[in-house]
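In what follows, a structure is listed as structure tokens, so that the remarks can point back to it.
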Amino acid sequence: MVEWVEAQLIDGRTWRLVAVLAGIRAIEFDPLRAPEGQPNSENGLLREAVRQLAAYLQGELRKFQLPLDFQGTDFQKRVWRQLETIPYGETRSYMQIAEAIGRPQAVRAVGAANGANPIPIVVPCHRVIGASGKLVGYGGGLALKKRLLELEGVVVSQPRLAGIPLA
Numbered sequence: 161m162v163e164w165v166e167a168q169l170i171d172g173r174t175w176r177l178v179a180v181l182a183g184i185r186a187i188e189f190d191p192l193r194a195p196e197g198q199p200n201s202e203n204g205l206l207r208e209a210v211r212q213l214a215a216y217l218q219g220e221l222r223k224f225q226l227p228l229d230f231q232g233t234d235f236q237k238r239v240w241r242q243l244e245t246i247p248y249g250e251t252r253s254y255m256q257i258a259e260a261i262g263r264p265q266a267v268r269a270v271g272a273a274n275g276a277n278p279i280p281i282v283v284p285c286h287r288v289i290g291a292s293g294k295l296v297g298y299g300g301g302l303a304l305k306k307r308l309l310e311l312e313g314v315v316v317s318q319p320r321l322a323g324i325p326l327a
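Mapped onto this note's numbering, the consecutive letters of the sequence shown carry residue numbers 161 to 327.
Okay, structure coming up:
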């Protein structure tokens with residue numbers, strides 16, 4: 161059974177968290193479409209997810225401990241699992257993700273999978289930036305991406321890429 165809850169966690173924006181028995185299935189920013197399933201503010205997993213997101217946004221949590229229910233292609237799931245390995249306060253380029261999953265020629269496909277990530281923030285797609293160090297694409301908007309990275313201590317004008325020293 162699909163259950164969901166809506167919460168205002170930052171800037172008065174509505175976030176919808178969706179869960180099934182197996183885990184969190186989605187986090188949606190400013191949802192426009194009607195939700196699937198039933199609202200349930202008493203769902204323990206959803207309550208814990210809201211608690212962890214709030215703690216993260218207050219700078220009190222660095223790593224989420226939530227069961228996830230990925231719905232996507234095998235390639236997308238590989239990318240999303242790789243995103244989970246990016247440490248708090250660090251960034252990676254799409255190329256680095258492609259190389260890490262053994263598909264160095266699949267940079268655009270990595271970008272597409274990153275953009276299709278159904279569980280943003282928990283699966284930190286906001287930590288992926290362009291090869292030039294620029295912020296590119298984010299479902300929650302670039303202002304939120306910048307804010308999340310700054311919350312983690314990333315200097316957005318000079319993001320830290322693994323293996324590339326800061327000037």
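All C-beta atoms, glycine included, are put in the ideal place defined by N, C-alpha and C.
Does the beta-carbon of residue i have 16 or more other beta-carbons within 10 angstroms, so that it is buried, or is it exposed?
i    : result
S292 : exposed
P280 : buried
I324 : With a pLDDT of 49 at I324, under the threshold of 50, the modelled position of this residue cannot be trusted; read the value that follows with caution. Per the 10 Å Cβ criterion, exposed.
Q256 : buried
R173 : exposed
L192 : exposed
K305 : buried
A327 : Caution is warranted here: a pLDDT of 38 is assigned to A327, below 50, making its placement in the model unreliable, and the coordinate value is therefore given only provisionally. Classification for A327: exposed.
V270 : buried
Starting from residue i, follow the alpha helix (DSSP H) in both directions and report where the run begins and ends.
i    : result
G271 : 267–275
A167 : First-last for A167: 163–170, but that is the beta strand (DSSP E), not the alpha helix (DSSP H).
Is the beta carbon of residue j closer than 8 Å to that of residue i?
i    : j    : result
C285 : L228 : no
V316 : L308 : no
T251 : V282 : no
Which residues does DSSP list as the beta-bridge partners of residue i?
i    : result
Q188 : In the sequence as presented, Gln is not what sits at residue 188; that position holds Glu. R176, per the DSSP bridge assignment.
G262 : BP columns for G262 are empty, so no partner.
Could you tell me if the beta carbon of residue i falls within a distance shorter than 7 Å of some heavy atom in the ligand ADP?
i    : result
R222 : This structure lacks the ligand ADP; in fact it carries no ligand of any kind.
- Whole alpha helix (DSSP H) runs in the stretch 198–258 with 4 or more residues, listed along the chain? 204–217, 234–243, all fully within the stretch 198–258.
- Query: Mind pulling the alpha helix (DSSP H) runs of 4 or more residues that sit fully within the stretch 276–316?
  - Reply: Contiguous alpha helix (DSSP H) elements confined to the stretch 276–316 occur at 302–311, taking only those with 4 or more residues.
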